[in-house]
Amino acid sequence: MRSGRPSGQQSLIRKLFWAIPLTFVAVLFYWPIAKITSLGFSGDWLATLSEPKSLEVIWFTLWQAAISTLVTLVIAIPGAYLLYRKSFAGQRFIKALITVPFVLPSIVVAVGFTVFRNVHDFWIELGLTFLSDPVYWIIAAHVFVNYSIAVRTIGGVWAGLDTEIDEAAELDGAGRLRSLLSISLPQLRPAVFSAAALVFLFSATSFGIVLVLGGGQVQTIETAIYFSATQFLDLEAAAALVFIQTLITATAFLVGSSLAKGTVGLEQVFEGNRKPRVDRRDWPASVLTAGIVLGLLVMPMLLVLVEAFKVGDGWGLTNFANLGTRGARDLLNISVIDAAANSLRNMVVASFIAFVLGTLISWLLVRTKQKLLDLVFLVPLGVSSVVLGFGFLVSFDSDWFPLRSSWLIVPMAQALIALPMVIRLVYPALVSIGKEPIEQASLDGASSWQIWRFVESGMIKGVLFTAAGYAAIISVGEFGASSFLAYGSEGTIPTLLFRLIARPGEQNYGMAMAVSAILIVFVLSVMLLLSRYSKTRQA
Amino acid sequence: MPAQGGHSCDTSRAYLQLKGHELKKLTTIIAASSLLLAGCAPADQAATKVTLVAHDSFAISDESIAQFQEASGFELEIIRAGDSGSLTNRLVLTKDSPIADVVFGIDNTFRGIADENGIIEGELVAVDYADVCFNYDRVWFEERNITPPASWRDLTRPAYNSLTVVTNPLSSSPGLAFLATTVAAFGEPSFEQYWKELRDNGVMVASGWEDAYFTYFSGSSGNGEYPIVLSYSSSPAAEIRDDGKSQTAALLDECFRQTEFVGTLAGASNPEGAKALVEFLLSESFQNTMPGLMYVYPVNEKAVIPAEWSEFGPPARSNIGEDLSIATHREKWQTKWSAIFD
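Residue numbers (the numbering used here), protein chains in the order written: chain A, 1 to 539; chain B, 1 to 342.
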């Protein structure tokens with residue numbers, strides 16, 4: 001075949017192109033990981049891991065992630081059914097609304113659940129003592145965050161399934177539940193597994209939520225790594241836990257992606273089929289979903305909005321006015337406004353790098369049969385931001401590579417964290433284009449660049465847009481790596497928010513509420529705008 | 001000293017020497033990205049700026065900052081990096097390329113770690129101290145005609161059931177100080193018995209000092225429900241009421257003395273500025289402001305201590321536990337403590 005093979009010159013350029021992302025992950029991922037490993041494995045790390053304390057932490061990480069995943073999936077199925085299989089007034093708004101928790105910075109979620117927990121004191125006094133257990137709230141917050149990702153992943157596939165079998169079963173008198181169990185679920189299995197893997201991954205690597213809601217009493221591997229490194233200077237223990245954490249996340253990812261196929265639930269879903277309206281027989285799903293959306297998703301956010309305007313026993317804007325200050329007794333190194341500027345700057349740099357590199361890697365991966373290269377970029381998917389922050393902190397301080405003394409260290413770490421998300425979105429999209437349009441253009445004499453510029457990028461424009469957006473969101477909300485790297489005048493919104501919420505005092509608390517309220521309103525507006533945008537595009 | 005970042009700029013130039021017409025664009029990208037990676041910022045700020053890293057409780061007045069900057073000619077940047085423990089550990093983790101020139105606030109609990117890891121140029125110098133003692137709400141006890149405790153050892157007595165709030169030794173430095181106090185007083189493993197009795201006597205554990213003092217304690221602004229709190233010997237001086245008396249008093253025997261230190265960091269990029277800053281932090285004029293801003297006693301004997309401090313918030317009569325090697329045993333004690341309170 002004439003077109004299948006690039007000319008010698010082209011292949012040289014392609015090899016050089018490979019050098020860019022390879023250098024990037026080698027220096028920014030493999031080096032710090034190797035450095036941590038060398039720190040930790042000098043000692044008896046197996047003994048460290050078999051200590052009861054470590055075992056307890058590992059066990060808790062696994063089971064809370066498993067419970068979070070299970071609960072999320074069970075409640076997401078009726079949600080996916082209503083939002084993607086049926087139609088009702090306000091559906092688009094609800095879809096945008098449930099996405100907000102997933103997009104919110106994790107530390108804002110933690111703030112929201114801190115407030116949400118406080119309103120339950122009443123029930124605790126009535127004897128529902130399990131509500132005073134931080135574990136309950138950690139799981140609730142994980143469900144809150146992951147609900148939309150599960151709904152979208154499952155719903156995205158469900159929307160594309162044939163409705164005829166359902167209708168036939170209905171004619172034969174099968175109820176909703178029966179047709180769900182015997183017809184829909186088997187077909188949805190890959191999507192359910194895919195969602196399960198993602199939710200498990202997010203819950204197992206969740207850091208800010210466990211740190212704030214667990215209050216140091218409840219530890220997962222992530223927070224244990226953080227405490228071992230920063231509080232106890234026990235690098236051996238930290239490194240051993242890094243090893244276990246990476247093992248768990250990599251396994252979850254690999255198992256998930258081999259059981260599931262395709263969709264990850266972030267991309268735009270095609271909903272061409274006309275969907276039937278919600279009818280009377282949908283009441284169990286409707287009641288359950290309404291209860292979850294209002295009681296679990298909307299309540300915490302609403303409470304933060306209310307608290308933000310509370311000043312003493314009255315109401316006012318003092319909390320917002322205080323954002324120009326550095327908190328009670330100058331607790332913060334910089335004002336929230338300065339931190340917002342830092343966050344924006346990091347966002348631009350990180351999302352640019354992640355987007356360009358992620359797209360380049362996807363483009364190259366489509367054009368290679370080297371499975372090993374695939375793996376090289378796959379491994380960083382399993383790494384958590386805490387691990388990365390810790391690795392960066394101890395690695396980049398040599399004279400000839402003084403990244404740590406530059407502000408760039410934070411956006412670099414964030415770019416690496418966002419990179420897998422970009423690849424996960426762009427790579428499947430490029431694969432779905434298929435070979436034909438490219439071969440055709442190549443026959444017509446177009447260069448690789450021209451093909452990308454005029455054919456491929458146009459066909460996956462929506463996905464590229466989404467990928468850039470998610471990279472930006474990840475950068476703004478990222479907390480684990482920043483908690484190691486962004487100190488002093490380089491503080492970001494999440495790191496400042498953590499300091500504010502971790503310190504009592506009315507002024508600090510009020511400021512934390514005000515920042516969180518602004519972010520919630522901002523994210524909700526963006527989500528609503530995006531849903532309008534996709535509506536006009538579909539029309 | 002060569003400017004930081006200089007070397008990395010040289011390595012990126014090596015990329016540019018690659019030959020080949022077709023590759024020009026590509027090499028430019030690589031060069032640009034490696035420049036970006038290395039953070040090749042102009043780095044000659046070192047000569048005009050001196051950086052202080054301190055714990056979260058560090059406070060300094062604008063006048064003091066201006067005074068230092070004027071006298072020394074250096075601009076002062078302050079980084080707050082968590083509590084004394086996080087601060088020390090961060091400095092150890094980053095010792096090959098220190099994040100500041102001077103550190104304020106490594107305390108006697110963590111001094112050992114700082115020394116072992118060689119993060120300080122020369123020696124740490126004591127800059128202030130404070131005594132961790134229990135306080136009680138005088139008025140609360142008077143109104144109820146109950147005799148207040150005479151020592152923290154009394155807190156396990158039934159008379160003081162559900163009256164005491166302490167801070168969590170896992171997350172608070174006075175909490176850890178009091179845990180060390182009990183180890184010093186009873187030895188291992190007997191200190192665990194004291195804590196079990198304290199727990200059975202309804203002690204409240206707050207996560208941090210501010211929570212304990214401002215929310216749970218009855219004798220301060222929060223008007224909480226607990227009339228006994230773990231705090232400092234100087235705290236009663238901040239609770240003086242209209243009658244000219246303090247609402248609270250401290251139990252001044254067997255308190256743990258927290259001494260805080262300053263020092264120049266090994267490998268500081270501005271050693272000259274560091275020296276000037278350490279001298280300034282020990283000078284009379286800065287030390288005069290410390291009681292008011294940080295509620296600690298200055299080490300400089302010439303420094304003026306506010307009159308109400310000598311009357312209502314004097315240093316402890318006796319100290320305990322200073323010779324314990326806290327940094328090395330801390331984790332073990334904390335684990336034992338957690339086992340009691342879980």
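The beta carbon of each residue, even a glycine, is placed where N, CA and C say it ideally should be. Here the structure is a predicted model, which means the values were calculated and not measured.
Reduced DSSP category for residue i - H, G, I as helix; E, B as strand; rest coil
{"i": "B/L124", "result": "strand"}
{"i": "A/W452", "result": "helix"}
{"i": "B/E75", "result": "strand"}
{"i": "A/F130", "result": "helix"}
{"i": "B/I320", "result": "coil"}
{"i": "A/A89", "result": "coil"}
{"i": "B/F81", "result": "Note that residue 81 of chain B is Ala in the sequence shown here, rather than Phe. Correct three-state label for B/A81: coil."}
{"i": "A/L97", "result": "helix"}
{"i": "A/L161", "result": "coil"}
{"i": "A/T466", "result": "helix"}
{"i": "B/F217", "result": "strand"}
{"i": "B/I305", "result": "coil"}
{"i": "B/R153", "result": "helix"}
{"i": "B/L52", "result": "strand"}
{"i": "A/Y487", "result": "coil"}
Extent of the continuous beta strand (DSSP E) run through residue i
{"i": "B/G105", "result": "102-107"}
{"i": "B/V165", "result": "164-167"}
{"i": "B/A250", "result": "248-250"}
{"i": "B/S231", "result": "228-232"}
{"i": "A/A340", "result": "Counting along the chain, A/A340 falls outside any beta strand (DSSP E), though it belongs to the alpha helix (DSSP H) covering 336-366."}
Bridge-paired residues (DSSP) for residue i
{"i": "B/P298", "result": "B/D128"}
{"i": "B/F58", "result": "B/F58 pairs with nothing; no bridge assigned."}
{"i": "B/L265", "result": "B/I120"}
{"i": "B/T259", "result": "B/Y129"}
{"i": "A/G314", "result": "A/V311"}
{"i": "B/F286", "result": "Note: B/F286 sits in no beta bridge, so no partner."}
{"i": "A/R277", "result": "A/S87"}
Cα-Cα separation between residue i and residue j, rounded to whole angstroms
{"i": "A/S406", "j": "A/M412", "result": "10 Å"}
{"i": "A/W123", "j": "A/A150", "result": "30 Å"}
{"i": "B/A274", "j": "A/T99", "result": "50 Å"}
{"i": "B/I79", "j": "A/L82", "result": "51 Å"}
{"i": "B/Q287", "j": "B/I146", "result": "39 Å"}
{"i": "B/T94", "j": "B/A177", "result": "26 Å"}
{"i": "B/A126", "j": "B/V296", "result": "12 Å"}
{"i": "A/L128", "j": "A/S384", "result": "35 Å"}
{"i": "A/L332", "j": "A/N322", "result": "12 Å"}
{"i": "A/L70", "j": "A/V192", "result": "11 Å"}
{"i": "B/A266", "j": "B/E116", "result": "13 Å"}
{"i": "A/I473", "j": "A/L416", "result": "14 Å"}
{"i": "A/G491", "j": "A/S362", "result": "32 Å"}
Short CB-CB distance (under 8 Å) between residue i and chain A
{"i": "B/R80", "result": "yes"}
{"i": "B/D243", "result": "no"}
{"i": "B/V203", "result": "no"}
{"i": "B/D62", "result": "no"}
{"i": "B/L35", "result": "Model confidence at B/L35 stands at a pLDDT of 45, short of 50, so the residue's coordinates are unreliable; what they give is reported in the following sentence. Answer no: the Cβ-Cβ gap between B/L35 and chain A never drops below 8 Å."}
is_contact[residue i, chain B] using C-beta, thresh 8 Å
{"i": "A/K435", "result": "no"}
{"i": "A/Q231", "result": "yes"}
{"i": "A/Y487", "result": "yes"}
{"i": "A/F394", "result": "Checking the sequence shown, residue 394 of chain A turns out to be Val, not Phe. So, interface residue."}
{"i": "A/M1", "result": "In this prediction, A/M1 has a pLDDT of 40, which is less than 50 and means its spatial position is unreliable; what the coordinates show is noted afterwards. Closer than 8 Å: no."}
{"i": "A/N333", "result": "yes"}
{"i": "A/D444", "result": "no"}
{"i": "A/K53", "result": "yes"}
{"i": "A/D279", "result": "no"}
{"i": "A/D397", "result": "yes"}
{"i": "A/G215", "result": "yes"}
Alpha helix (DSSP H) segment containing residue i, residue limits
{"i": "B/V205", "result": "Segment 204-206 is the beta strand (DSSP E) holding B/V205; no alpha helix (DSSP H) there."}
{"i": "A/T61", "result": "52-80"}
{"i": "B/K336", "result": "326-341"}
{"i": "B/D200", "result": "191-200"}
(message) Under 8 Å, CB to CB, which of the residues in the region 399-411 of chain A have a partner in chain E?
(response) Going by chain labels, chain E is absent from the structure shown, which instead holds the protein chains A and B.
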